[in-house]
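Data block below; observations after.
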Amino acid sequence: MKVRYLSFNDSGSEERKVWLSEVFHFFEEYSYSENSTNFIATASSEYDAIFIGGNDVRRMIRVLKSFSPILKNKLKVCILANATPPKRARAVAAGFDDAIDIERTSPAEAVWRSRAMWRRYVQSLEQHFRDRRQDSQLIEIADISRLPRRHKQILLGLVARKGRYLSYHEISNIIGNGIDEVSVKHIQVLICQIRKFLNKDYKIICEKQRGYRIILGG
Numbered sequence: 013m014k015v016r017y018l019s020f021n022d023s024g025s026e027e028r029k030v031w032l033s034e035v036f037h038f039f040e041e042y043s044y045s046e047n048s049t050n051f052i053a054t055a056s057s058e059y060d061a062i063f064i065g066g067n068d069v070r071r072m073i074r075v076l077k078s079f080s081p082i083l084k085n086k087l088k089v090c091i092l093a094n095a096t097p098p099k100r101a102r103a104v105a106a107g108f109d110d111a112i113d114i115e116r117t118s119p120a121e122a123v124w125r126s127r128a129m130w131r132r133y134v135q136s137l138e139q140h141f142r143d144r145r146q147d148s149q150l151i152e153i154a155d156i157s158r159l160p161r162r163h164k165q166i167l168l169g170l171v172a173r174k175g176r177y178l179s180y181h182e183i184s185n186i187i188g189n190g191i192d193e194v195s196v197k198h199i200q201v202l203i204c205q206i207r208k209f210l211n212k213d214y215k216i217i218c219e220k221q222r223g224y225r226i227i228l229g230g
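Counted from 1, the sequence shown has number 80 at position 68 by our numbering; the numbering is strictly sequential.
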C-alpha cells in the first residue's frame with residue numbers, strides 16, 4: 013500500500029509524524045497549504061491511501077470534501093491526538109474510512125487496522141471492476157441502470173449460454189450462490205421483471221422442461 017500523509021502544521025504535527033513512521037516504513041509527506049494541491053496529484057507518483065493529520069477535525073473534513081471526487085478510490089484515514097469519540101465519529105461520518113487517535117492507538121494496532129482496511133478496499137475495488145465488466149456485457153441488451161443485482165446475475169447467465177437454455181436449477185444456483193434453493197415460482201417472477209427492462213431487439217423465451225434462453229427478437 014502506497015501512503016501519502018498530509019499534515020496540518022499545528023502543535024501535534026511532529027508527534028503524529030513520529031507515530032506514523034512506526035506504522036509505515038515509508039510514506040510521502042506533504043504540509044497542508046490552501047494554495048497547493050500537490051498532495052493529491054498523481055503526476056509524480058501514484059498512491060493508494062491518504063492519511064490526513066491535524067487537531068482541527070472541521071478543517072480536515074473540509075479538505076476531504078473539497079477533493080472527494082479525486083479521492084473517491086483512495087483509502088482515507090484521519091489521525092488525531094486526544095480526540096473525543098464524537099470528533100472521531102464526525103470524521104468517519106464525513107467520509108473518512110477510519111479516524112485514529114494516536115494517544116489511544118498503538119502503532120501495532122494501527123498496522124493491523126490499516127491492513128484490514130486495505131483488504132476491504134481492494135475487495136471493494138475488485139468488485140467495482142467486476143461489476144463494470146459485467147455491465148458492459150449487458151448494456152446493449154437491457155436498461156442496466158434499473159436492473160437489481162439478482163436480475164443482472166440471471167441475465168449474465170443467459171448471455172453466457174449464447175442462445176442455449178439455462179435451467180431452473182442453474183438459475184437457482186446463480187442467484188442462491190449454490191446454497192439457498194430458489195423456487196420455480198420466484199424465478200418466473202424474476203424473469204418476468206427482467207423482460208420489462210430488455211431492449212426491443214431481445215427476447216427471453218421459456219420451455220417448461222428446459223428453462224430459459226435469450227435470443228434476438230428478429
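Ideal placement from N, C-alpha and C gives every residue a C-beta, glycine not left out.
Asked, Found
"What runs of the alpha helix (DSSP H), each 4 residues or longer, lie entirely inside the stretch 39-116?", "69-78 and 97-105"
"Can you give the Cα-Cα distance for LYS212 and GLN139, rounded to whole angstroms?", "29 Å"
"I'd like the ranges of any alpha helix (DSSP H) spanning at least 4 consecutive residues and lying wholly in the stretch 179-204.", "180-188"
"Just verifying my parser: in three-state terms, what is the DSSP assignment at ILE153?", "coil"
"For LEU170 and ILE216, which I take to be in contact (beta-carbon distance under 8 Å), what is that distance rounded to the nearest angstrom?", "7 Å"
"If you follow the alpha helix (DSSP H) that GLY169 is in, where does it begin and where does it stop?", "161-172"
"Using three-state DSSP, classify ARG225 as helix, strand or coil.", "strand"
"On the criterion of 16 or more Cβ atoms from any shown chain inside 10 Å, does TRP31 qualify as buried, or is it exposed?", "buried"
"Go to ARG28, then tell me how far its alpha helix (DSSP H) extends in each direction, as first and last residue.", "25-35"
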